[in-house]
Each structure stands twice: as C-alpha cells, then as structure tokens.
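Sequential numbering of the sequence shown, starting at 1, is according to the numbering used here. Here a beta-carbon is modelled for each residue, glycine too, at the ideal position from N, C-alpha and C. As structure tokens, the structure follows; a few thoughts come after it.
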Amino acid sequence: MNSKSMSAFFAENLSAPLTNVQWSWGSENEKGVYLRIWAEEVKDKRGMVYACDPADTRLGQKERLRHIKQIESGKPGYVVVITEGHVSSSGTWRIDRFEECIYPILNFSRNENGDIYADVDFDSPVYPEFIGQEIDYAAIELAASAYPKALETLTKATTKFDWQATKVDESTETIFLISKDGTQKAQIHIPSGKWMR
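Shown next, in the form of structure tokens:
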C-alpha cells in the first residue's frame with residue numbers, strides 16, 4: 001500500500017508536481033525529469049516511454065516527447081514504476097500501486113516504428129530525499145564496523161532483504177535505511193546492533 005497518491009508523490013516527495021493529474025505522464029524540476037512507466041512494459045531493464053502514433057494528439061504525448069528531449073539534452077532523467085493498475089468503468093487506466101523511489105535513465109533507444117525505450121538502472125534506486133546527493137557508503141560501513149553486531153545487522157538487511165542504507169547520523173550511533181521500493185523505513189542502533197522500525 002502506498003503512503004499517498006502518485007500525484008501527491010510527484011508534488012510532495014519529488015517536488016515536481018504534475019502539470020495536470022489527468023493527462024501528465026511525468027514532470028520535471030531543477031534536479032531532473034521524472035517519467036511514469038508501467039512495470040509490465042519493462043523487459044530486460046528497458047522500459048517503453050513513448051509509443052509512436054502520429055494520429056495520437058493527446059497532450060500527454062506532446063509533454064512526454066518534450067521530457068525525453070530534455071533528458072537527451074543532458075538533464076538527469078528518472079522513471080517512477082507503476083506496479084499495479086486497473087481499467088476503470090470509463091475505460092481509463094487507474095494506478096493502484098507504484099514504487100516510492102525513482103530509477104536513473106541511462107539512455108534511450110528507438111525501434112523501427114519510432115517507439116522510444118529507456119535503458120534504466122534498476123539496480124540503483126534513488127529515494128526522493130537523496131536526489132542530487134551521494135550516499136556515503138564508506139562512512140556507513142565504517143560506523144557499523146566498530147560494532148560486530150551492527151555490521152552483521154547491516155549486512156543482512158542490505159544483502160538478504162535488499163534494504164538500502166541511506167546515512168549515518170552525526171553521532172555515528174544510528175544508521176538509517178529504506179526498503180527497496182521506498183515504502184518502509186528502518187534504523188540500526190549501532191552500539192547494540194538493534195534493528196528498529
């Protein structure tokens with residue numbers, strides 16, 4: 001279950017409100033461009049971001065092409081993955097669930113029909129509060145290594161359960177983590193190695 005609607009996620013978490021919640025397929029701010037994609041349209045780490053149809057004059061299509069051009073011109077690009085949806089009684093798609101993180105777009109490719117695909121780094125989720133920042137993994141591991149139990153808990157969380165360590169506090173007593181899909185947060189108390197949610 002998501003903590004909020006996708007339009008609220010774009011506005012509040014990404015600080016990039018959708019131009020129109022009905023037809024916008026993405027948004028942008030000074031840090032990057034964010035494109036919504038459906039998980040079912042991702043294959044081999046490539047997600048469809050634009051289906052070429054000259055007869056399609058929807059505003060969302062025009063906006064999507066503009067966003068792709070901005071990314072191709074050097075602005076950082078990311079995708080937000082919609083994992084579940086349904087067709088409403090009016091025949092439109094409704095979003096039921098999405099990942100509360102973004103994934104970097106590495107580049108684009110086009111097929112013979114003019115459809116555009118994004119090559120996405122799904123191994124490197126970025127959480128909204130860390131967009132434009134580097135996570136200091138060395139400092140996190142150094143802090144945990146002072147206490148064997150803390151290092152064991154951190155290793156188990158990140159390797160077995162795919163949690164992502166995001167930072168260590170200034171007192172080096174707490175490591176902050178976030179689940180891979182961005183919906184849950186946790187902490188490790190370093191001196192005791194205790195996992196806290």
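_If you measure between the beta carbons of residue 59 and residue 49, is that distance less than 8 Å?_
Counted from its first residue, the sequence shown places residue 59 at position 59. Counted from its first residue, the sequence shown places residue 49 at position 49. No; because the gap between Cβ atoms is not below 8 Å, this pair is not in contact.
*CB contact flag (residue 131, residue 166, <8 Å)*: The count along the sequence shown starts at 1 and reaches residue 131 at position 131. The count along the sequence shown starts at 1 and reaches residue 166 at position 166. Cβ distance not < 8 Å, so residue 131 and residue 166 don't count as in contact.
*For residue 191, which residues of its own chain have a beta-carbon under 8 Å away from its beta-carbon, when the five flanking residues on both sides are left out?*
Residue mapping note: residue 191 aligns to position 191 of the sequence shown, counting from 1. 147, 150 and 173, listed in sequence order.
*Going by C-alpha distance, which of 83, 61 and 105 is nearest residue 73?*
Counted from its first residue, the sequence shown places residue 73 at position 73. Looking at the Cα atoms, 105 is the closest of the given residues.
_Environment of residue 197 [buried if 16+ CB atoms lie within 10 Å]_ = Counting from one through the sequence shown, the residue named residue 197 turns up at place 197. Classification for residue 197: exposed.
*Could you check where the alpha helix (DSSP H) with residue 66 kicks off and where it finishes?*
Within the sequence shown, numbered from 1, the residue matching residue 66 stands at position 66. Element bounds for residue 66: 59-72.
*Excluding five sequence neighbours on each side, which residues of the same chain lie with their C-beta closer than 8 Å to the C-beta of residue 2?*
For this step, residue 2 is matched to residue 2 along the sequence shown. Here the set comprises 9, 97, 98, 100 and 183.
*Which residue from 29, 128, 177 and 44 puts its Cα closest to that of residue 157?*
One-based indexing of the sequence shown puts residue 157 at position 157. Closest option to residue 157, Cα to Cα, is 177.
*Looking at residue 117 and residue 46, is the spacing between their C-beta atoms short of 8 Å?*
Residue 46 sits at position 46 when you count from the first residue of the sequence shown. Residue 117 sits at position 117 when you count from the first residue of the sequence shown. Yes, the pair counts as a contact, with Cβ atoms nearer than the cut-off.
*Enclosing alpha helix (DSSP H) for residue 118 [first to last residue]*: Along the sequence shown, read from residue 1 onward, the residue named residue 118 stands at position 118. First-last for residue 118: 116-120, but that is the beta strand (DSSP E), not the alpha helix (DSSP H).
*Round the Cβ separation of residue 82 and residue 71 to the nearest angstrom and send it over; I've been treating them as touching at under 8 Å.*
For the purposes of this step, residue 82 is identified with residue 82 of the sequence shown, where counting begins at 1. For the purposes of this step, residue 71 is identified with residue 71 of the sequence shown, where counting begins at 1. Not really, about 19 Å apart at Cβ, beyond 8 Å.
*Three-state class that DSSP yields for residue 83 in the structure shown*: The residue labelled residue 83 in the question sits at position 83 within the sequence shown. DSSP places residue 83 in strand when its eight states are reduced to three.
*Would you say residue 152 and residue 193 are within 8 Å of each other, going by their C-beta atoms?*
Position 152 of the sequence shown, counted from the start, is the residue given in the question as residue 152. Position 193 of the sequence shown, counted from the start, is the residue given in the question as residue 193. Yes.
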